Amino acid sequence: MSADVTETGPGEAETAKKVTPTSRRSFLLGATAAGGLLPLQTAAAKAATTAPADHAITVPAEFATAANTALPKITFPMTGADVFAAACKNEEVAALLCCPGNYKVIHAIAEQGIPVYSGRNELAMCAAADAFIRITGEMAVTSGTEGPGFTTMIMGIANANAARTPLLVLASNTSVKDDDTEAGIQVGEQQSVTTNLRKYGKRLITPQRVHEYAGYAFRQLRTGIPRPVHIDFTNEVTDARFKSAGDLSFFFDKTKYRSESKPYPNPADIKTAIQMLGAAKRPIIVSSTGVFYSKAWDALRKFAEKASIPVCESGAMRGQFPDDHPLSADRSPTALSSADLVFFVGQYCMPTIGEYAFGPEAKYIRIQPTAEDVGRNIPIDLGIVADERATMEALAEAASAASRPDWLNEIHAARAKFEDENEAIYKLGAAFGDAVHPAVIGKELAAFLQGGNIPKEQTTIAQGGFGIARYTRRWLRAFRPGQIMNGNYQYGPVGLDIGYTVGVAAAVRQGAGVQAPYKGKPIVCITGDAGFGYTGLEVETMAKYRMPVVIIIYNNNAWGTWYPQADEVHRAPIHLFQENLRYDKVAEALGGRGEYVTRPEDFRPALERAWKVASEESLPVVINCQGRKEFWLRSKTSPGFLGKVEPGCMSYYH
11 MSADVTETGP GEAETAKKVT PTSRRSFLLG ATAAGGLLPL QTAAAKAATT
61 APADHAITVP AEFATAANTA LPKITFPMTG ADVFAAACKN EEVAALLCCP
111 GNYKVIHAIA EQGIPVYSGR NELAMCAAAD AFIRITGEMA VTSGTEGPGF
161 TTMIMGIANA NAARTPLLVL ASNTSVKDDD TEAGIQVGEQ QSVTTNLRKY
211 GKRLITPQRV HEYAGYAFRQ LRTGIPRPVH IDFTNEVTDA RFKSAGDLSF
261 FFDKTKYRSE SKPYPNPADI KTAIQMLGAA KRPIIVSSTG VFYSKAWDAL
311 RKFAEKASIP VCESGAMRGQ FPDDHPLSAD RSPTALSSAD LVFFVGQYCM
361 PTIGEYAFGP EAKYIRIQPT AEDVGRNIPI DLGIVADERA TMEALAEAAS
411 AASRPDWLNE IHAARAKFED ENEAIYKLGA AFGDAVHPAV IGKELAAFLQ
461 GGNIPKEQTT IAQGGFGIAR YTRRWLRAFR PGQIMNGNYQ YGPVGLDIGY
511 TVGVAAAVRQ GAGVQAPYKG KPIVCITGDA GFGYTGLEVE TMAKYRMPVV
561 IIIYNNNAWG TWYPQADEVH RAPIHLFQEN LRYDKVAEAL GGRGEYVTRP
611 EDFRPALERA WKVASEESLP VVINCQGRKE FWLRSKTSPG FLGKVEPGCM
661 SYYH
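Here it is, written out as structure tokens:
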């Protein structure tokens with residue numbers, strides 16, 4: 011993250027005049043006169059070892075002061091930044107997750123009373139906002155400064171786009187008068203950069219239209235297929251002052267610039283769907299992203315139960331249909347090829363033929379609120395262009411009660427086979443006594459969170475990692491909407507897991523959206539050692555905001571790309587880290603807590619201690635699980651790197 015050079019704070023210029031600059035040459039000469047550089051380094055090390063014992067990591071007093079101070083009353087006259095921030099408040103934006111930068115806008119949002127979380131890296135905080143939305147269904151915003159701050163967010167924006175997340179991306183962009191001059195080191199054109207990574211974008215240059223373009227942004231975010239919206243602000247807009255609402259060209263309440271109305275299904279389409287269902291023997295429903303954002307889970311369940319249709323999930327979040335329901339097919343991968351009719355409900359990232367495990371004779375019905383994507387990748391037999399919730403309600407009303415004992419027996423037999431396979435995998439993994447096998451993490455974590463004293467529906471999970479997720483996805487279950495956030499969804503970025511976790515933790519801490527019943531409860535993050543290296547400093551962000559988080563790092567000393575190169579002498583080192591790195595110590599240095607686990611029997615006790623700290627002290631705890639890179643080699647340490655079957659609990663790409 012780079013600070014804005016164009017937004018100098020009050021008094022900074024005067025302070026700068028008092029500092030005597032030291033050139034590198036004069037510094038080196040001074041060091042030589044004092045006996046060379048080594049004595050200086052030794053003196054610094056000695057000073058560090060003799061620091062006062064009471065120099066504990068603390069949260070600055072300013073946090074408590076801000077929490078206990080009334081918000082300012084923002085009324086006209088207002089700046090352009092204030093006008094946009096007020097629109098965010100009016101649209102019930104639930105959180106801003108950002109780094110310092112784009113100061114005028116983020117300060118204005120904070121003074122509207124919208125919860126703000128500032129982190130260490132714009133990419134991580136962009137991912138945090140993405141995750142916040144994915145597990146609440148509420149609106150969240152991320153922000154960055156012009157130039158370096160904005161470009162740091164690019165991977166996060168692309169990832170949100172692939173996941174179909176309605177993420178509002180805000181960035182500053184200097185002044186219109188400086189266009190084409192390279193007047194500042196951070197000047198850069200933004201909109202073309204995100205052209206293919208967003209639903210809508212606009213550079214704001216006309217001050218009087220700032221509220222109008224807020225309306226443009228929220229119309230796009232709240233309707234149709236969700237994707238990011240990118241707005242960048244020039245100084246002319248943020249600094250503009252408006253004496254009254256009359257100075258604005260389009261200043262209306264949200265009820266005047268957008269509609270809450272949803273498209274309802276064509277009755278003829280519902281009739282056709284019911285006819286196709288009547289002719290099917292083995293129908294199945296794939297519940298995906300659109301079911302979550304349209305809050306269609308109750309209608310989905312009503313339709314499935316009435317017509318006796320199994321349901322499996324895909325998507326950027328899980329839990330719309332509970333895994334312990336008799337109709338759940340999430341853990342029945344071998345039965346998927348038998349399905350003869352598939353309802354894709356809100357499947358915005360449509361797989362191609364062969365990516366999902368359905369047979370070649372299956373017929374497809376696709377349900378989503380816009381038509382332009384229907385029929386892409388998988389040929390459809392019926393497309394229903396309508397809101398997912400409205401369609402599920404209409405289908406539930408039109409469907410006849412049905413019983414499909416043979417089909418359900420096949421689903422249940424496939425589930426039992428899957429669970430037997432998991433148990434065999436666990437026994438193989440538990441046999442390694444000198445390191446923690448991922449199967450041990452998967453089974454023990456699921457048993458602790460969902461099979462013990464903790465209510466099974468309580469804990470929200472940020473499911474990340476690459477290889478480790480191939481295991482934990484097999485054991486972890488979702489029982490309510492927004493319980494599991496699938497990190498590596500569709501775009502497959504490495505390194506965003508700890509950023510995601512900030513957003514998930516912020517959402518549960520606030521009790522935003524569907525997380526309201528679980529407000530303040532600890533959450534769990536699963537990641538790998540490669541991923542932690544990207545955004546691990548956000549542990550400090552969690553500690554700063556006192557977020558109760560248990561972060562499980564599968565530490566196998568390697569990138570997930572290592573195992574295909576294992577026998578290539580000159581290639582393999584490219585994919586390796588130093589062995590036995592202490593990520594737990596990093597967490598402690600950042601204000602959190604750490605556990606280092608090197609044997610399978612020590613994982614559960616460490617998990618229990620970490621949970622206790624998270625629950626009672628409201629702090630992040632890193633459990634550094636020491637694995638071995640050889641665990642991914644099936645020929646040497648069966649079962650090796652596991653495959654996947656989609657859709658269902660093992661879904662990885664859709």
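Counting in my numbering, the sequence shown runs from 11 upward without gaps. Every residue, glycine too, gets a C-beta built ideally from N, C-alpha and C. Keep in mind that this is a model prediction, so the values were computed, not measured.
Can you grab the Cα-Cα spacing for the pair Arg581 / Pro574, in whole Å? For this step, residue 581 is matched to residue 571 along the sequence shown. For this step, residue 574 is matched to residue 564 along the sequence shown. Distance between the alpha carbons of Arg581 and Pro574: 10 Å.
Starting from the C-beta of Ile67, find all residues in its chain whose C-beta is less than 7 Å away, skip the five residues before and the five after it, and write them out in chain order. For the purposes of this step, residue 67 is identified with residue 57 of the sequence shown, where counting begins at 1. These residues qualify, in order along the chain: Gly601.
By Cβ distance below 8 Å, which residues in the same chain neighbour Pro82 in space, the five residues on each side in sequence not counted? Reading the sequence shown from its first residue, position 72 is the one you call residue 82. Hits under 8 Å: Glu121.
Looking at the structure shown, is Pro158 part of a helix, part of a strand, or coil, going by DSSP? As a first step, residue 158 must be located in the sequence shown, where it is residue number 148. It is helical.
Rounded straight-line distance, which links the Cα of Gly604 to that of Pro649: Along the sequence shown, one-based indexing puts residue 649 at 639. Along the sequence shown, one-based indexing puts residue 604 at 594. Those two C-alpha atoms are separated by around 29 Å.
Could you pull the start and end residues of the alpha helix (DSSP H) that Asp444 belongs to? Position 434 of the sequence shown, counted from the start, is the residue given in the question as residue 444. Premise fails: Asp444 is in no alpha helix (DSSP H) and is neither H nor E.
Taking only the alpha-carbon atoms, compute the straight-line gap between Arg490 and Glu467 and give it to the nearest angstrom. Within the sequence shown, the letter at position 480 stands for residue 490. Within the sequence shown, the letter at position 457 stands for residue 467. Distance between the alpha carbons of Arg490 and Glu467 is about 6 Å.
To the nearest angstrom, how far is the alpha carbon of Glu589 from that of Asn206? Within the sequence shown, the letter at position 579 stands for residue 589. Within the sequence shown, the letter at position 196 stands for residue 206. So the two alpha carbons sit approximately 40 Å from each other.
Hey, Val504 and Tyr564: beta-carbon distance below 9 Å or not? Counted from its first residue, the sequence shown places residue 504 at position 494. Counted from its first residue, the sequence shown places residue 564 at position 554. No. Outside cutoff.
Pair every Cβ in the segment 639-657 with every Cβ in the segment 612-626, then say whether three or more of these pairs are closer than 8 Å. no
Where the beta strand (DSSP E) through Leu258 begins and ends: Numbered from its first residue, the sequence shown carries residue 258 at position 248. Leu258 -> no beta strand (DSSP E), and no H or E assigned at all.
Quick one: what does DSSP say His221 is sitting in, helix, strand or coil? Within the sequence shown, the letter at position 211 stands for residue 221. If DSSP states are grouped into helix, strand and coil, His221 belongs with the helices.
If Pro275 sits next to Ala396, beta carbons under 8 Å apart, how far is it from one beta carbon to the other, in whole angstroms? Indexing the sequence shown from 1 puts residue 275 at position 265. Indexing the sequence shown from 1 puts residue 396 at position 386. Contact flag correct, Cβ pair sits at about 4 Å.
How many angstroms separate the CA atom of Phe302 from the CA atom of Val579? Taking the sequence shown and counting its residues from 1, one reaches residue 302 at position 292. Taking the sequence shown and counting its residues from 1, one reaches residue 579 at position 569. In a straight line, the C-alpha of Phe302 is about 47 Å away from that of Val579.
Just to confirm, are Cys359 and Ala339 a CB contact at a threshold of 9 Å? As a working note, residue 359 is residue 349 in the sequence shown. As a working note, residue 339 is residue 329 in the sequence shown. Result no, Cβ atoms of Cys359 and Ala339 do not sit closer than 9 Å.
Quick check: what's the CA-CA separation for Pro657 versus Lys209? In the sequence shown, counting from the first residue as 1, residue 657 sits at position 647. In the sequence shown, counting from the first residue as 1, residue 209 sits at position 199. So the two alpha carbons sit approximately 26 Å from each other.
Run of the beta strand (DSSP E) containing Ser347, from where it starts to where it stops: Taking the first residue of the sequence shown as 1, we reach residue 347 at position 337. Where Ser347 is concerned, there is no enclosing beta strand (DSSP E), given that its DSSP letter is neither H nor E.
Tell me where the beta strand (DSSP E) around Met286 begins and ends. Within the sequence shown, the letter at position 276 stands for residue 286. Premise fails: Met286 lies in the alpha helix (DSSP H), Pro277 to Ala289, not in any beta strand (DSSP E).
Whole angstroms is fine: what's the gap from Gly111's alpha carbon to Thr282's? On the sequence shown, position 101 is the one that residue 111 refers to. On the sequence shown, position 272 is the one that residue 282 refers to. Between Gly111 and Thr282, the C-alpha separation is close to 54 Å.
Starting from the Cα of Thr79, find the closest Cα among Ala71, Val450 and Val151 and give me that residue. Residue mapping note: residue 79 aligns to position 69 of the sequence shown, counting from 1. The shortest Cα separation from Thr79 among Ala71, Val450 and Val151 belongs to Ala71.
Between the CA atoms of Thr299 and Leu506 - distance to the nearest angstrom: Residue numbering aside, residue 506 sits at position 496 when the sequence shown is read from its first letter. Residue numbering aside, residue 299 sits at position 289 when the sequence shown is read from its first letter. In a straight line, the C-alpha of Leu506 is about 20 Å away from that of Thr299.
Report back the beta-carbon spacing between Ala597 and Val549 to the nearest angstrom; my notes put them in contact at under 8 Å. Translated into positions along the sequence shown, residue 597 becomes position 587. Translated into positions along the sequence shown, residue 549 becomes position 539. Ala597 to Val549, Cβ: 5 Å. Contact.
On the three-state DSSP scale, how would you describe Arg311? As a first step, residue 311 is located in the sequence shown; it is residue number 301 there, counting from the start. Reduced to three states, the DSSP call for Arg311 is helix.
Which residues does DSSP list as the beta-bridge partners of Val352? Within the sequence shown, residue 352 is the residue found at index 342, counting from 1. Answer by DSSP bridge pairing, in chain order: Ile294 and Tyr374.
Reduced DSSP secondary structure (H/G/I, E/B, other) of Val504: For the purposes of this step, residue 504 is taken as residue 494 along the sequence shown, with counting starting at 1. Three-state DSSP puts Val504 in coil, outside helix and strand.
Using a Cβ distance threshold of 8 Å, determine whether the segment 510-517 contacts the segment 530-541, with at least three qualifying pairs required. yes
For Ala138, which residues of its own chain have a beta-carbon under 6 Å away from its beta-carbon, when the five flanking residues on both sides are left out? Mapped onto the sequence shown, residue 138 falls at position 128. Leu107, Gly509, Val512 and Gly513.
What would DSSP say about Pro610, mapped onto helix, strand or coil? Locating residue 610 in the sequence shown gives position 600, counting from the first residue. Correct three-state label for Pro610: helix.
Run the CB neighbour count on Pro583, radius 10 Å, all protein chains shown included, and call it buried at 16 or more, exposed below. Sequence index remark: in the sequence shown, residue 583 carries index 573 (1-based). Burial call: exposed.
Limits of the alpha helix (DSSP H) - the one that Leu405 falls within: Translated into the one-based positions of the sequence shown, residue 405 becomes position 395. Per DSSP, Leu405 belongs to the alpha helix (DSSP H) from Glu398 to Ala408.
Compute the distance between the beta-carbons of Phe353 and Ile319, then report whether it is under 9 Å. Mapped onto the sequence shown, residue 353 falls at position 343. Mapped onto the sequence shown, residue 319 falls at position 309. Yes. Within cutoff.
In DSSP terms, what Phe243 is bridged to: Along the sequence shown, read from residue 1 onward, the residue named residue 243 stands at position 233. In DSSP, Phe243 forms a bridge with Ser182 and Leu214.
Suppose the cutoff is 7 Å on Cβ atoms and the five residues either side in sequence are ignored; what does the same chain contact list for Asn432 look like? To locate residue 432, count along the sequence shown from 1; it is residue 422. Only Arg484 and Trp485 meet the Cβ criterion.
Please report how far the alpha carbon of Ala96 lies from the alpha carbon of Glu403, in whole angstroms. Counting from one through the sequence shown, the residue named residue 96 turns up at place 86. Counting from one through the sequence shown, the residue named residue 403 turns up at place 393. Looking at the two C-alpha atoms, the distance is approximately 36 Å.
Should Ser304 be labelled buried (16 or more other beta-carbon atoms within 10 Å of its own) or exposed? For the purposes of this step, residue 304 is taken as residue 294 along the sequence shown, with counting starting at 1. Per the 10 Å Cβ criterion, buried.
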